[in-house]
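Student: This is the structure I have questions about; it appears just below.
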Ligand SMILES: Nc1ncnc2c1ncn2[C@@H]1O[C@H](COP(=O)(O)OP(=O)(O)OP(=O)(O)O)[C@@H](O)[C@H]1O
Ligand SMILES: Nc1ncnc2c1ncn2[C@@H]1O[C@H](COP(=O)(O)OP(=O)(O)OP(=O)(O)O)[C@@H](O)[C@H]1O
Ligand SMILES: [Mg+2]
Ligand SMILES: [Mg+2]
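Chains as they are written, first to last, in my numbering: chain A, 6 to 294; chain B, 4 to 240; chain C, 61 to 566; chain D, 25 to 357; chain E, 31 to 363.
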């Protein structure tokens, strides 16, 4: 029978690859989240304890990630740093994405003068240089996690807003919007049901990208001497303060915090990609999940 | 009763597509609209369904003039029309499963209770099997999608049906079946019908009366006319 | 090495030197404070410092003549000196310079340093007389201040005029260009009264980031640079020489009197014994520094022998035990319901201070004192200074009065960044006053000995380290010297303090 | 000469939750040069999927089996369209050797480009025409060929009426002069005049050397140009007949095909009773049995396609009057 | 009604530009005032900043005198109003940190910043787009994974880090390019040749820091478009792969990229600020930070006006471009 003769389509291989990617991403994210949640209560870290005698030890069994230039264990600091940085990154990304999507969707879906006014406000907002606002906000309060979150969240929603608005303007002209209007959908319903789901991939990408970007901001602020207190472990400060040791030939204080930024980001991106395809399946990707 | 009074509409004020068209649908009447391709039938249908603002002229629904178009029209007026669009692929949100596609108007008008059942029921009347309801538009054939679109148009039980070449891409049997569904619905509810199409035989058979585009008092010129464009185009061999 | 900018190109042009520095001056006008501590390259002062920081005549022909009461200083000026625009230098310029600085309309933040001056008077073209309000022994040290040309600077707005960025002076170098944020370029003044410098072109590249500076030095882009000790360590190859300039630059923890814990003399003394200064020097400074027991470095002639304190945790603990600071359950001592805990602020972004603060806190913890390290900008820190400890820095080599008076005098408590700890010790106040007014060296020495001994008895500050400033310079300039350097080491410090005297090997 | 020879073509869609959809099952037919085969069938029976399979444009969840041999011509060797890899299909087959008029023309145009841009680009790629003026002329000629008004060339797809989009798609498919043209409902949205002109143009295009597979519901159009008619039901070919016989006397032999013709508005305008089967849950036997008046126990087994017909109870017309269609003979075996 | 050869839709574009210009005035006023207000509220003290290290030992009296001299003891609104009225007559005020008229500060530096930023931006857009398209071509492939990982890595990598790494690699290890500054450190004149070699590294680093957004958005836009019907249509016509990718998929997926052109300007300025610091590039961005931490009101206001103008211009260009790129969006806004 013809059914038996069907060869295995290349799709199946791709599917397993996809599944694997999804599983790995999920495991990694879960692992990091668990580490961040469980390790701090179990293993306390005295943020200000230094051990000048154990300075710059390369990775070993005692210190799997080695120690930094004042003798602190890097593994523990990375985990603690990830906690702070994930908080900064995720909260800032959420703020930016929710705000940006809401404003962009409102402007795009309502159109006309509302759109113009809102977008000019967005322009005004986006013209405040990010780092500058960061500097002011951080200076207004004292250096810490929340000023960084606020400054990143408050400045970065504008690009999301613009992207969302542009996509919505393009979606708005699709014939299926006519169908929804005729079906009695209110503007809000239209936005919620048809427009926003259409721009979620874009907004989601912005959100995922915002996470490393927020960490970036945090370290840029410390570079300018305005970020988190530099003795407090955060991935940004770890990377930022490891530069000197790298030039002197010690690679581990840079490598591990760097990996701690990049690996979770990639894992989150992997998850977001999977979620996106579930939400927005298209011809080709349908099977690959 | 639906009155389209000296409507002029189009996409560029300087060159309207529909010019000074007047058409009246008596209550419960089925009117077929015939016309050459590109003459403005779909545009007129969109205006009639309050989806496109005409440059001038009025749409009067049951004696009440339309107060606006698209979102400016009150919901009650908008949902008095069930519209089946010409191109099912374009008029279905690619993200919605057919079940949601059909149920969406119910939910959008604040009647989410039992929407799913109602949708399944309506889908059944247009001949959509339950296994199709879980699929998304790109996983069904164009004809199946068109059936879903018809179900969507019927689900709010509109007083007016606007079918823009609903059967253009359907085989004879499905056409007959869907026409049957529409007729059944009209018998039940007394809804009026504006059916746009090219197939005179079909429209004659389906509708109470069939009007030609050219009879609508619309003067048209330019390319999208009854005259075959080929005859105007110098580059035709 | 980099094309066009590499050492090959410069190897032949031995008359050229490019150095990398971390700071950029705000202005090049002496009237606004530029070069007030000497070595200003473009300008000369009446006097100047030599390698040992002894005063030598510059625009003056000899050291000043000081009146009996110590309130009149008379300078004879060098004749035949011209500014680089060709106009002669006269006493009028000296009077103009000092009077302008003293004018409150002039935006000069260091005016306080000339507080003692009552008036400046020109006697003819080549004699200048300073009249002081009170006898001020170190006054001559202040006259290394550069002299600006009255005929140029006097013709324009002192605060905003052109002169602030395009200065003209009598110095060994002329400014060619100042590309802000990038570099300052100088060329030798061929008519310099002290003889034309051998280094014809001198560039100071402004590179704020230590790591970038190190990299650019490595790439051959720079001939010399100031570097943190750990980065300087890597330059061990044959082409470069490393200079560790001794300095008066100390790192100190202020122990404000207003805080119940830090104001307690026993706590102060215990902390003073408990800190491991040697460890800090070895690890944080990579050996480039010395333990500090007071503002005066141990190798300075002003240092009072016997005021060194060895690291002795046990003695410190005993001291607290005796004084009634008993360890509580959490390992932190307390007395009369007061926990031995206080915050310690450091300037955020300053790694050196951070590391000092953290080691200090670690040492204190061993003693049973909880020090909570916090970071902030000065704006955040300043209002907290009366109650919270701060990791501060300071030090001025020219005269002990310069930093000790402002650091310790009780009347200056809380005045800007003066006396941050609100230190209040009548014996010290008296000694400081005596040291500043007395003209006799032995009297002054005795006075500052008193200060240093008082600081052992009641250490209102925990002095931690004196930091060597480390410079790496290409060997082709021969063996260079460094001065003893102050806390602020901008353009004027480093082996290029006397670049005009360099004799590069062919 | 045979242009296309399809054997045992089967397409299934794997579904995430439900059983696979058997969109095309064991389809075999031949298409000769100069021939026009009309493929008719109820909505959802697998016509478009068949066309997509021939172009290798199926979605990723599709699995295919069987073969579709496209005859070689000139330098091109014969190609099995099902087995050929994507690179071959993209470089030498699509557009050049197999043209397609897609079923939803507007959806298959890039929304941000004008019709002219689409046409010009295709003309340049497929005919090698170079030079501004030459391209312009060729573009306009291609548009005129299907009566696409030149004044609308600079419009974007969303500014086209349904019929205009249809004509644009047809124009695009004709550019390559492919030996095999797959036209999926090429006449939707066109008025009678235009339908006639379009199908005539298609016929003319086919000439004596090319073949046309026209999927259509428009039986009038099919009658006008088709040489043979193939009827598809639930993924299978159930009847292949000469067009004259099919539309005239004796008419179709398969009960479904007869029902289809009866549904025409000019005839009974009565749909085939019952509803189309679900392709994910096809019965073991004849898929039409559930709707068939003649069904009996024999229908529980799948009737083979013999003599151009797959039915246990064909309409008993005076069979002798009909010449057994030769082309339909070949596959079944 | 016959649309003639379509040029650009000048009239709507001009109308949109006009509207934007009109809006720019209140936006600029609001932004400058906001900057004055925020700077005023910030704990930074202009006097201390002016005094620099000398301020650490200066007496309070001395500082108070300075405050009066600098005029920063006036109320905020007065200072803002004076600056605005001054600016309208062409006097941008005097920068306290730079000890120079603001106009001079800007004139000296802006060219270099614009050169650096523009170069970097063009490179980022081009390289980002190319990488994005390459990645989207085969999703899940090695290229895709490499590009995605690279993009996320670059996004997370602090700019000063990248700068350091670039200097280490290209100036130190390879010795190909100079490590910083506008010209060779020893030279005193700016020549085109030196400028070219000196701008490469900072521009490349800045571009690398801006590239991830472009690459990932293009990847997503193109990737999505590749799954949709228009691309199927283009494939069916036998268009070359690069035409399908660039002409259809990229064109449809271009909208977010164009948007980014506008909304990345602030990021570009932020990046420029760090890059200028690392590479001792004498541009305006580095001066902005100094102006901010020194609360140098006139300079801060002037640089903010510049930044705002750049952002408004970027957004206008983006909006115009997507009106052109996607006719469905139009020029309303
Ligand atoms: N959004 C639009 N913008 C500009 N012009 C449009 C738009 N939609 C349709 N048109 C033009 O308006 C004219 C009428 O279009 P319409 O869709 O109403 O025609 P129609 O009568 O329905 O034709 P068909 O039978 O081919 O569907 C056509 O020339 C078409 O190109
Ligand atoms: N991607 C898909 N996944 C699952 N099922 C699909 C997919 N595409 C099509 N189908 C199913 O395959 C069957 C055949 O579809 P096809 O589009 O070929 O129908 P058709 O004969 O062209 O019908 P129409 O006349 O309505 O266009 C339909 O039942 C449809 O639901
Ligand atoms: Mg139409
Ligand atoms: Mg089909």
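The beta-carbon is built from N, C-alpha and C at its ideal position, and this holds for glycine as well.
#1: Regarding residue 185/D and ligand 1, is the C-beta to nearest heavy atom distance less than 6 Å?
#2: So residue 81/D is in the alpha helix (DSSP H); what residue range does that whole segment cover?
#3: Give the DSSP-derived three-state secondary structure of residue 96/D in the structure shown.
#4: Quick one: is residue 274/C near chain A, going by C-beta distance under 7 Å?
#5: Any chance the segment 284-303 of chain C sits against the segment 213-232 of chain E, with 3 or more Cβ pairs inside 8 Å?
#6: What are the boundary residues of the alpha helix (DSSP H) that residue 527/C is part of?
#7: How is the beta strand (DSSP E) around residue 205/D delimited, first residue to last?
#8: By DSSP, does residue 537/C sit in helix, in strand, or in coil?
#9: Check the Cβ-Cβ distances between residue 398/C and every residue of chain A, and say whether any is below 7 Å.
#10: Against chain A, does residue 44/B count as a neighbour if the rule is that its beta carbon must be under 7 Å from one of theirs?
#11: Quick one: residues in its chain with C-beta nearer than 6 Å to the C-beta of residue 347/D, no 5 flanking neighbours on either side, listed in chain order?
#12: Could you give the distance in angstroms between the alpha-carbon of residue 50/D and the alpha-carbon of residue 88/D?
#13: When you check each C-beta in the segment 284-316 of chain C against every C-beta of chain E, which residues fall closer than 9 Å?
#14: Residues of chain E with a CB under 7 Å from the CB of residue 518/C: which are they?
#15: Please report the residue range of the beta strand (DSSP E) in which residue 239/C lies.
#16: Pull up the DSSP beta-bridge partners for residue 577/C, would you.
#17: How would you list, in chain order, the residues of chain E whose beta-carbon sits under 7 Å from the beta-carbon of residue 200/D?
#18: In three-state terms, what does DSSP make of residue 109/C?
#19: Any heavy atom of ligand 4 closer than 6 Å to the Cβ of residue 251/D?
#20: When the Cβ atoms of the segment 167-185 of chain A are set against those of the segment 100-111 of chain A, are three or more pairs found closer than 8 Å?
#21: Counting only Cβ pairs nearer than 8 Å, list the residues of chain C close to residue 75/A.
#22: Do we get a CB-CB distance below 7 Å when we pair residue 126/D with the residues of chain H?
#23: Which two residues bound the contiguous alpha helix (DSSP H) that contains residue 44/B?
#24: Tell me the rounded alpha-carbon separation between residue 184/D and residue 134/E.
#25: Label residue 562/C either buried or exposed according to how many other C-beta atoms from any shown protein chain fall within 10 Å of its C-beta, with 16 as the threshold for buried.
#26: Examine the Cβ distances between the segment 145-154 of chain E and the segment 234-247 of chain E and report whether three or more of them are shorter than 8 Å.
#27: State the DSSP-derived secondary structure class of residue 115/E, mapped to helix, strand or coil.
#28: Under 6 Å from any heavy atom of ligand 1, does the C-beta of residue 30/D make it?
#29: Going along chain A, which residues have a C-beta under 7 Å from residue 182/D?
#30: By the 10 Å Cβ neighbour count, where 16 or more other Cβ atoms means buried, how is residue 129/C classified, buried or exposed?
#31: Closer than 8 Å between beta carbons: that is the criterion. Which residues of the segment 193-211 of chain E meet it against chain C?
#32: Along the segment 173-200 of chain A, what residues have a CB closer than 9 Å to any CB found in chain B?
#33: Under 7 Å between beta-carbons, which chain A residues line up against residue 433/C? List them in chain order, please.
#34: CA-CA distance, residue 63/C and residue 85/C?
Tutor: Reading from the atomic positions:
#1: yes
#2: No alpha helix (DSSP H) holds residue 81/D; DSSP gives it neither H nor E.
#3: coil
#4: At least one chain A Cβ lies under 7 Å of residue 274/C.
#5: no
#6: From DSSP, residue 527/C is part of no alpha helix (DSSP H) but of the beta strand (DSSP E) over 521-527.
#7: If you look at residue 205/D, you'll find it in the beta strand (DSSP E) that goes 204-208.
#8: Three-state DSSP puts residue 537/C in a helix.
#9: no
#10: So, not an interface residue.
#11: Here the model assigns residue 347/D a pLDDT of 44, short of 50, so the residue's position is not dependable, and the following value carries that caveat. Same-chain partners within the cutoff: there are none.
#12: About 10 Å.
#13: none
#14: In chain order: nothing, as chain E lies at least about 23 Å away.
#15: Taken as a continuous stretch (DSSP letters only), the beta strand (DSSP E) holding residue 239/C covers 233-239.
#16: Residue 577/C is absent from the model: chain C starts at 61 and stops at 566.
#17: 268
#18: Under the three-state reduction of DSSP, residue 109/C is assigned to strand.
#19: no
#20: yes
#21: 343, 344, 415, 418, 419
#22: Checking the listed chains, one finds no chain H in this structure; the protein chains it contains are A, B, C, D and E.
#23: 44-51
#24: 57 Å
#25: Taking every protein chain shown into account, the CB of residue 562/C has 16 or more other CB atoms within 10 angstroms, so this residue is buried.
#26: Using a Cβ-Cβ distance cut-off of 8 Å, the segment 145-154 of chain E and the segment 234-247 of chain E are in contact, since at least three pairs of beta carbons, one from each stretch, lie closer than that value.
#27: helix
#28: Not under cutoff, so the answer is no.
#29: 178
#30: exposed
#31: 193, 194, 197, 198, 201, 202, 205, 206, 207, 208, 209, 210, 211
#32: 179, 180, 181, 182, 183, 184, 185, 186, 187, 188, 189, 190, 191, 192, 194, 195, 198, 199
#33: Those within 7 Å of residue 433/C in chain A are 53, 236.
#34: For residue 63/C, the pLDDT reaches just 39, beneath the cut-off of 50, and the residue's location in the model is therefore unreliable, although a value from the coordinates is still provided. Rounded to whole angstroms, residue 63/C to residue 85/C spans 29 Å at the Cα level.
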